[in-house]
Amino acid sequence: AYAQSSVTLFGVVDANLRYVKNSGLASNYGMSNSGLSSGRLGFRGVEDLGGGLKAGFWLESDVNADTGTFSSTGKMFQRRSTVSLMGNWGEFRLGRDFAPSSVHSFKYDPFGVIGIGGQNVTSTTARGLSNYYRHDNAVGYFTPNFGGVQAEFMFAPDEQAANNTGRHMSGRLSYENGPVSASVSYGVTNVATAAGTLGKFKQLGVAGSYNFGVAQLVASVYRDDLPFGTYGATTASAQTAGSEDRWLIGVNVPVGNHLIRASYVRTNARKGPAAYNDSDASKIAIGYVHNLSKRTSLYGTVARVSNDGAANFSIAGGAPTPGGWSGNSTGAEVGLKHSF
Amino acid sequence: AYAQSSVTLFGVVDANLRYVKNSGLASNYGMSNSGLSSGRLGFRGVEDLGGGLKAGFWLESDVNADTGTFSSTGKMFQRRSTVSLMGNWGEFRLGRDFAPSSVHSFKYDPFGVIGIGGQNVTSTTARGLSNYYRHDNAVGYFTPNFGGVQAEFMFAPDEQAANNTGRHMSGRLSYENGPVSASVSYGVTNVATAAGTLGKFKQLGVAGSYNFGVAQLVASVYRDDLPFGTYGATTASAQTAGSEDRWLIGVNVPVGNHLIRASYVRTNARKGPAAYNDSDASKIAIGYVHNLSKRTSLYGTVARVSNDGAANFSIAGGAPTPGGWSGNSTGAEVGLKHSF
Amino acid sequence: AYAQSSVTLFGVVDANLRYVKNSGLASNYGMSNSGLSSGRLGFRGVEDLGGGLKAGFWLESDVNADTGTFSSTGKMFQRRSTVSLMGNWGEFRLGRDFAPSSVHSFKYDPFGVIGIGGQNVTSTTARGLSNYYRHDNAVGYFTPNFGGVQAEFMFAPDEQAANNTGRHMSGRLSYENGPVSASVSYGVTNVATAAGTLGKFKQLGVAGSYNFGVAQLVASVYRDDLPFGTYGATTASAQTAGSEDRWLIGVNVPVGNHLIRASYVRTNARKGPAAYNDSDASKIAIGYVHNLSKRTSLYGTVARVSNDGAANFSIAGGAPTPGGWSGNSTGAEVGLKHSF
Chain A
4 AYAQSSVTLF
14 GVVDANLRYV
24 KNSGLASNYG
34 MSNSGLSSGR
44 LGFRGVEDLG
54 GGLKAGFWLE
64 SDVNADTGTF
74 SSTGKMFQRR
84 STVSLMGNWG
94 EFRLGRDFAP
104 SSVHSFKYDP
114 FGVIGIGGQN
124 VTSTTARGLS
134 NYYRHDNAVG
144 YFTPNFGGVQ
154 AEFMFAPDEQ
164 AANNTGRHMS
174 GRLSYENGPV
184 SASVSYGVTN
194 VATAAGTLGK
204 FKQLGVAGSY
214 NFGVAQLVAS
224 VYRDDLPFGT
234 YGATTASAQT
244 AGSEDRWLIG
254 VNVPVGNHLI
264 RASYVRTNAR
274 KGPAAYNDSD
284 ASKIAIGYVH
294 NLSKRTSLYG
304 TVARVSNDGA
314 ANFSIAGGAP
324 TPGGWSGNST
334 GAEVGLKHSF
Chain B
4 AYAQSSVTLF
14 GVVDANLRYV
24 KNSGLASNYG
34 MSNSGLSSGR
44 LGFRGVEDLG
54 GGLKAGFWLE
64 SDVNADTGTF
74 SSTGKMFQRR
84 STVSLMGNWG
94 EFRLGRDFAP
104 SSVHSFKYDP
114 FGVIGIGGQN
124 VTSTTARGLS
134 NYYRHDNAVG
144 YFTPNFGGVQ
154 AEFMFAPDEQ
164 AANNTGRHMS
174 GRLSYENGPV
184 SASVSYGVTN
194 VATAAGTLGK
204 FKQLGVAGSY
214 NFGVAQLVAS
224 VYRDDLPFGT
234 YGATTASAQT
244 AGSEDRWLIG
254 VNVPVGNHLI
264 RASYVRTNAR
274 KGPAAYNDSD
284 ASKIAIGYVH
294 NLSKRTSLYG
304 TVARVSNDGA
314 ANFSIAGGAP
324 TPGGWSGNST
334 GAEVGLKHSF
Chain C
4 AYAQSSVTLF
14 GVVDANLRYV
24 KNSGLASNYG
34 MSNSGLSSGR
44 LGFRGVEDLG
54 GGLKAGFWLE
64 SDVNADTGTF
74 SSTGKMFQRR
84 STVSLMGNWG
94 EFRLGRDFAP
104 SSVHSFKYDP
114 FGVIGIGGQN
124 VTSTTARGLS
134 NYYRHDNAVG
144 YFTPNFGGVQ
154 AEFMFAPDEQ
164 AANNTGRHMS
174 GRLSYENGPV
184 SASVSYGVTN
194 VATAAGTLGK
204 FKQLGVAGSY
214 NFGVAQLVAS
224 VYRDDLPFGT
234 YGATTASAQT
244 AGSEDRWLIG
254 VNVPVGNHLI
264 RASYVRTNAR
274 KGPAAYNDSD
284 ASKIAIGYVH
294 NLSKRTSLYG
304 TVARVSNDGA
314 ANFSIAGGAP
324 TPGGWSGNST
334 GAEVGLKHSF
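Protein chains in written order, with our numbering: chain A, 4 to 343; chain B, 4 to 343; chain C, 4 to 343.
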């Protein structure tokens, strides 16, 4: 990154070669991006206003190095576009930003929400809801740090005249103290149900990590509650986009300038018909990172998804097995990440 | 902004909370952007070629901080993308740029053409014509400053083989001397009429300001002449997109690091059927700006649009009153602007 | 360009006024861009990892100064988005990049592949195939320089499960020694044929230049082999998108801070029906560049395309003559280029 008084230019370019084999389908080779760190190009800055007051801005775009595109959402600064006022009372932030309710998904996962190792691979909600991670029009507030305890809140108005679809509220409370990190988050987003009524997508997350020195252990639980299929006769959609519990245990083992990381993720479908409730999945991933410097790393990851029932999660490239029942998906990627 | 010999990186991030109430409709809360200064990200530079000659470039993108998007036009450098040659004979400029015929709308308006206070809120032409403010393919020439007198011209070819729709010519003559600023502008843009023939959109603007020290007074008059509804039996379109006169008086009152600004705008529909000619509107806006530094400001604005006849201008969120007759629109926004 | 340890910001803004007259059509005036150097905005950097190892990134966007747009492909970093690892063993590169098989088209052409003078004006393949110049998902390898001899390779996987359409392999071998430059390139890209089968688009290029001091002579030959019309009864498509040979001779004459450049390009249609094989074209172009500095230039170019048979190449603005037979196209452009 380049830094001077008013603006810092920063970014990540990360590309990899990926192999995927889904049961019942031909294997596939290709190039992907962001296997270790999300590709990005950003501009940020902080201005000291005196008296403990500061102003800041942050504009951050996606960079998909394999194809040269930015976000498929069409939003140039998809990752973040905010203006902030900061003081000893905390930070007040306006604009598009990451939601407190989904922070755990990258903060308490050795693989984050990217690449073939992330917990989002086996999540219907994280993959299916366009604003699962970030919200437009968000008002954010971050408290100061009180001896390791900190809280953050977000409210994003719906901007709808007729109904309140899209309105989002969430918060997160965290504690950081030496080797200990613990966090709880909760969020509610108004969604339109299949029945045409207004429902609420509720997200509860509990996560923590402990650093033993030789290794950091990570664990997290998400309960993503969707109204689809829960109320009324919307059983069809219940089978494909219902509620889910998702839990993860992971480990990061640094060895000199190397890092070994691994995780086990389990996704349990909930609140649907019996067949849907049995449509669960698990994923195991293991990765190796060789840090050539603080900015540049070589990495490799292998992962395998095992589906139960009608679950048909895959790392990429279509549903495993033609019928979609109890297939599995195996992937590997080897890449190069460079930040600036 | 970061500056070194060849390139300066600069920008504005401005987001606000907005409330709008249109008569006959539910009130609406949301987030908007650019209430004090247009959100932007830009790259510009000037090279000294020696002998009084200079070259320059300017690439400037929109930044809509509330949603992370750039311009909805799909043009990355929607605001400006030009290359220039400058000498003691003036400046010769090539590329997409702001038209001299519309400069008054931001230069002689306390609220510019942004936010809820700008004169464009009650303008059919400014809102409806995609190239009202800027033109692609423009050749610009700016004279030197002769004792406060300066002129600028633009010609944008149509690039049409069959007809000349889109061709634009405009110019502006200004005088600046101490507290006095005066300017006159004129522009002609070829447009396709509802009858299928080629018509001319003509813009005449006269504006001025005087700085009394305790306050700066601003006044401007625009006559936007469209062929729609003027010729032939195109009465239907005449009612929705006809000619208009628009005049404004405004004031800027700086008090230390505070600024109070206010304006009254009147829009008179012209050259249509009687019902259309009676469809006028007025808007009053008052704003307060608290400059935390030269780069960072908190601001608040309130505005109210009053429609006459069939006019149905609104600050945002749809036409006031279901029938569209004689409704009004009230808005307020509070925001934070940061430039770099 | 601005350079510090981690990132360099660089670019080109180039706009011109263009006149085109195609036989049988009205003449057309307009503004174009990139007549001397391709408009671009880029971010690149190199990190020294020690031990002869380096990492690098390169993100480069198109800039069309006349309209303020970036690439019409929708790819933000259309020109290049790569991450590299470099050592005394060469460079290994991942991401979207220029193909070795098409490097000659800008390296051995006084006008490159831009403006009205480039050899692509009279090429069906270069204009018609979206990945003629660049490929997504590319793995590139560049050998070290062995006494002036260097080679580069690219492999871009198809990422297709069903067939291998889009897969690309190419390489280039070059020799540079004082005034001598020579290069041979070959590429194969899998394409879907009109018959629905998988075919191969093959590109063979041989090129060289010699710098006599007062002038540099350039020559190149391309053989672009498409399966269309070659196999089966796909005669219709054979007439519009068949194989072609393209050869060029050119000259660059520097005179102080001036440059005179000229080229003759001949395109011969091949492997189609007799009428198609006679549909050839030639183009002559001459240009003048006045370098105001290393970064800023004024330039002018004139070019004329002469079509034979059914060939209907034009500089811009539609096929010459309504029937498309034996027309010609004449163009001129005058512009300003500035780099940073």
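We put the beta carbon where it would ideally sit given N, CA and C, even for glycine.
Predicted model only: the values in this text are computed from it and were never measured.
According to DSSP, residues forming a beta bridge with residue i
i, result
"V49 (chain B)", "B:G59"
"K17 (chain A)", "The amino acid occupying residue 17 (chain A) in the given sequence is Asp; Lys does not appear at that position. D17 (chain A) pairs with A:K340."
"G202 (chain A)", "A:V194"
"A164 (chain A)", "DSSP lists no partner for A164 (chain A)."
"D65 (chain B)", "B:R43"
"F298 (chain A)", "Sequence check: residue 298 (chain A) is Arg here, not Phe. DSSP lists no partner for R298 (chain A)."
"D228 (chain C)", "C:K205"
Within chain C, partners of residue i - CB distance below 8 Å
i, result
"A164 (chain B)", "L28, A29, N31, G320 and G321"
Boundaries of the beta strand (DSSP E) in which residue i is found, first to last residue
i, result
"T85 (chain B)", "R83 to G90"
"N148 (chain B)", "Premise fails: N148 (chain B) is in no beta strand (DSSP E) and is neither H nor E."
"F114 (chain B)", "Element bounds for F114 (chain B): n/a, residue is neither H nor E."
"T270 (chain A)", "H261 to R273"
"F95 (chain C)", "G93 to F101"
Own chain partners of residue i with C-beta closer than 7 Å, once the 5 adjacent residues on each side are dropped
i, result
"Y135 (chain A)", "S105, T128 and A129"
"V308 (chain A)", "V124, T125, A284, K286, F316, S317, I318, N331 and S332"
"G199 (chain A)", "none"
"N180 (chain A)", "G151"
Own chain partners of residue i with C-beta closer than 8 Å, once the 5 adjacent residues on each side are dropped
i, result
"V217 (chain C)", "V256"
"V66 (chain C)", "G14, V15, V16, N36, G42, R43, L44 and F73"
"V10 (chain B)", "F46, R47 and G48"
"G321 (chain C)", "N25 and L28"
Same chain, Cβ closer than 6 Å to residue i, five either side skipped, listed in chain order
i, result
"M172 (chain B)", "F158 and V191"
"Y225 (chain B)", "G208 and R249"
"Y178 (chain C)", "G151, V152 and A185"
"P182 (chain A)", "Y213 and N214"
"A154 (chain C)", "T146 and L176"
"T233 (chain B)", "Here the model assigns T233 (chain B) a pLDDT of 45, short of 50, so the residue's position is not dependable, and the following value carries that caveat. K274, listed in sequence order."
"S342 (chain A)", "V15 and R298"
"D100 (chain B)", "R83, T85, A141 and G143"
"F95 (chain B)", "L88 and Y144"
"K340 (chain A)", "D17, L39, S40 and S300"
Start and end residues, alpha helix (DSSP H) containing residue i
i, result
"R130 (chain B)", "T127 to G131"
"Y279 (chain B)", "A277 to N280"
Chain-ordered neighbours of residue i on chain A, where CB pairs are closer than 7 Å
i, result
"G48 (chain C)", "F343"
Check whether residue i and residue j have beta carbons under 7 Å apart
i, j, result
"S40 (chain B)", "D17 (chain B)", "yes"
"P160 (chain C)", "Y32 (chain A)", "yes"
"P113 (chain B)", "G253 (chain B)", "yes"
"S223 (chain B)", "L262 (chain B)", "no"
"V305 (chain A)", "I289 (chain A)", "yes"
"F115 (chain B)", "E336 (chain B)", "Checking the sequence shown, residue 115 (chain B) turns out to be Gly, not Phe. Going by C-beta atoms, G115 (chain B) is not nearer than 7 Å to E336 (chain B)."
"S296 (chain C)", "L52 (chain B)", "yes"
"G71 (chain C)", "K57 (chain B)", "no"
"E247 (chain C)", "A210 (chain C)", "no"
"A313 (chain B)", "S282 (chain B)", "yes"
"G334 (chain B)", "I119 (chain B)", "yes"
Interface partners of residue i on chain B, CB under 8 Å
i, result
"L132 (chain C)", "Under the 8 Å cutoff, chain B gives no residues; its nearest Cβ is about 24 Å from L132 (chain C)."
Where residue i meets chain A, residues with beta-carbon distance less than 8 Å
i, result
"R298 (chain B)", "S9, E50 and A58"
Chain B residues whose Cβ lies nearer than 7 Å to that of residue i
i, result
"L88 (chain A)", "L339"
Contact set between residue i and chain B, taken where Cβ atoms lie within less than 9 Å
i, result
"A400 (chain C)", "Any answer about residue 400 (chain C) is impossible in this case: the structure gives chain C only from 4 up to 343."
Within chain C, partners of residue i - CB distance below 9 Å
i, result
"M34 (chain A)", "L97, G98, D139, N140, A141, V142, A159, P160 and E162"
Which of the residues in the stretch 137–162 of chain A, read from start to end, lie with their CB under 9 Å from any CB of chain F? Checking the listed chains, one finds no chain F in this structure; the protein chains it contains are A, B and C.
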